[in-house]
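Comments concern the structure below.
Numbering (the working numbering), first residue to last: 6 to 79.
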C-alpha cells in the first residue's frame with residue numbers, strides 16, 4: 006500500500022523557519038500572519054506497519070503526523 010505521512014510541528018512549538026518565511030512574505034505582500042513548515046514522506050509498505058513507521062520517523066514530543074492513503078506516488 007502507498008502512503009503519505011504529513012509531519013508538522015505541534016501547536017505551541019516555535020517554528021523559526023516558518024516565522025522567517027512569514028516575515029519575508031508579509032514584507033513583500035502584506036497580510037501574511039503565520040507560516041508553518043512541515044514535511045511529506047512518501048512510503049510504500051504493509052498496511053499493518055504504517056502506524057509504527059510513522060511513530061518511528063517522527064519526534065512525538067515535538068511533532069504531529071497524519072497518514073493518508075495514496076492511489077499513486079510520484
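Every residue gets a Cβ at the ideal spot worked out from N, C-alpha and C, and that includes glycine.
Check                                                                                           : Outcome
Separation of residue 34 from residue 56, as counted between CA atoms                           : 40 Å
Through-space distance from residue 36 to residue 11, alpha-carbon basis                        : 26 Å
Span of the alpha helix (DSSP H), counted from its first residue to its last, around residue 30 : 21 to 34
Beta-carbon gap between residue 7 and residue 49 smaller than 9 Å                               : yes
Among 45, 31, 39, nearest to residue 21 - alpha-carbon criterion                                : 39
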